[in-house]
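Undergrad: Heads up: the sequence lines are chains F and C, in that order. When we follow the working numbering, the leftmost residue of the first sequence carries the number 1, and every step to the right adds one. When we follow the working numbering, the leftmost residue of the second sequence carries the number 186, and every step to the right adds one. Note that CB positions come from ideal geometry on N, CA and C, so glycine has one too. Nothing here was measured: the structure is a model prediction, and the numbers come from that model. For reference, the structure I am asking about is given below.
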Amino acid sequence: MRSKSLLIIPLCLLVPVAYAAIQWTMQPRQSELVFIATQAGAQFEGKFEKFTADIRFDPKDLTGSRFDVTIDMASVNTRDGERDQILKGEDLFAVKQYPTARYVADKFIDKGKGQYSAPGRLTLRDVTKEVPIEFTFTEDPSGAWLKGTATLKRLDFGVGQGDWKDTQTVANEVKVRFALLLNKG
Amino acid sequence: MQLKNDTLRYGLIAQLFHWSIVALIVTQFVLANKAEGLPIGPAKIATLATHKSIGMTIFALAVLRLIWRFMNPVPELPSSTPRWQRTAAHFTHGLLYALILITPIVGWTMSSARNFPVSYFGLFTLPDFVEPNQALYEFCHELHEFLATALFVVAIVHIAAALKHHFVDKDDVLRRMLPVKLKS
């Protein structure tokens with residue numbers, strides 16, 4: 001017993017700092033990734049049904065924390081089949097060439113009262129740009145909720161080719177809202 | 186000209202309601218046909234957005250018009266008008282009122298059912314009273330087109346009757362809805 005516990009100490013020192021934060025597992029059923037776009041002056045919501053999130057986060061160890069989210073672009077659901085098909089098409093998400101989008105954040109800023117921000121990078125249609133997120137992290141004995149928002153400009157990523165470059169009818173700005181239910185381990 | 190109706194003619198307010206709704210309904214048919222011919226894209230979305238805003242304007246004008254109607258005397262038909270024509274006139278007018286009230290509401294519901302919330306000329310967004318639902322959308326789409334066709338047909342009957350009064354009976358029935366002097 002004694003020799004074993006003594007061994008743990010040097011082993012801990014071997015673990016790189018970047019992997020020190022707690023590893024979380026996202027619960028896909030309870031988690032959501034929503035976007036709010038504006039069409040002809042009216043906002044509508046859509047979501048991505050399939051995405052995976054590799055979340056390492058510890059409020060006490062922000063430097064060792066990291067988010068890595070992969071979104072299946074073909075899983076877009078705006079509750080209108082025709083619009084979903086258009087979104088998946090070449091001029092917008094172009095899911096055949098770019099089936100996934102990815103969001104990576106590894107710098108975190110503690111804004112106090114459970115509020116954080118992260119200047120993460122989004123890769124969409126092969127374009128990588130910084131998209132900051134604002135989020136809250138609330139832990140309870142069973143897990144944690146990671147909830148936040150972001151705002152991006154669709155044309156920064158080429159979402160909108162040809163006629164869809166027009167921002168009079170379909171606004172450039174798109175809001176994103178996410179809520180991830182996380183379990184330890 | 187007088188603002189309110191009397192038993193002989195429509196006043197300026199009632200005429201404004203009548204003719205502005207006529208102009209907007211004609212615009213609606215033009216926009217609907219234009220949108221139908223466009224491929225899915227920003228131009229189609231913008232055309233339909235204008236169609237929706239005008240539709241809600243028609244609805245609002247129709248409500249105000251009915252309120253105004255109840256606050257005013259309705260000009261009487263010429264005493265020579267046969268009974269069946271009086272019944273036909275009341276029935277046609279009732280249908281026209283019903284159609285200009287119901288058609289926009291069905292259009293609005295149809296938009297909500299497709300998760301295309303309606304913005305009123307970009308000023309504010311109307312609430313959605315129904316959840317997105319494909320079957321409801323398709324039903325409302327069919328119904329909206331049916332109501333628009335019915336409106337077109339009933340309007341033709343209404344126009345034909347007005348022209349018959351003007352050119353055949355040579356009475357004041359058409360004239361009293363225009364800002365002109367009456368014959369009698």
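Run down chain F in chain order and give the residues with a C-beta less than 9 Å from the C-beta of C:R299.
TA: R79, D80, E82 and R83
Undergrad: Please check if any C-beta of chain F sits within less than 8 Å of the C-beta of C:I290.
TA: no
Undergrad: Which residues in the same chain have their Cβ closer than 8 Å to the Cβ of F:L92, if we skip the five residues on either side of it in sequence?
TA: I86, V159, G160, Q161 and W164
Undergrad: When you compare only the Cα positions, how much space is there between C:K244 and C:I341?
TA: Looking at the sequence shown, residue 244 of chain C is not Lys but Phe. A straight line joining the alpha-carbon of C:F244 with that of C:I341 spans about 20 Å.
Undergrad: So what does DSSP say about F:Q27, is it helix, strand or coil?
TA: coil
Undergrad: Since C:P302 and F:A42 are thought to touch, with beta carbons under 8 Å apart, how far apart are those beta carbons, to the nearest angstrom?
TA: Sure, about 4 Å apart at Cβ, within 8 Å.
Undergrad: For chain A, find out if any of its Cβ atoms is closer than 8 Å to the Cβ of F:I109; answer yes or no.
TA: Among the chains of the structure shown, chain A does not appear; the protein chains present are F and C.
Undergrad: In the DSSP assignment, find the alpha helix (DSSP H) that holds F:A101 and state where it starts and stops.
TA: F:A101 -> not in any alpha helix (DSSP H); beta strand (DSSP E) instead, spanning T100 to A105.
Undergrad: Roughly how many whole angstroms lie between the Cα atoms of F:L181 and C:G226?
TA: So the two alpha carbons sit approximately 37 Å from each other.
Undergrad: Going along the stretch 225–236 of chain C in order, which residues come within less than 8 Å of chain F, judged by CB to CB distance?
TA: I225, G226, P227, A228, I230, A231, L233 and A234
Undergrad: Looking at chain C, is there any beta carbon in it that lies within less than 8 Å of the beta carbon of F:T123?
TA: no
Undergrad: C:L284 and C:V339: beta carbons closer than 8 Å?
TA: yes
Undergrad: Which residues bound the alpha helix (DSSP H) around C:N218?
TA: L197 to G222
Undergrad: For the beta strand (DSSP E) that contains C:E261, what are its first and last residues?
TA: Counting along the chain, C:E261 falls outside any beta strand (DSSP E), and DSSP gives it neither H nor E.
Undergrad: Compare the C-beta of F:A101 with all C-beta atoms of chain C and state if any pair is closer than 8 Å.
TA: no
Undergrad: Determine, for C:T242, whether the minimum Cβ-Cβ distance to residues of chain F falls below 8 Å.
TA: Judged by the 8 Å Cβ criterion, C:T242 is not in contact with chain F.
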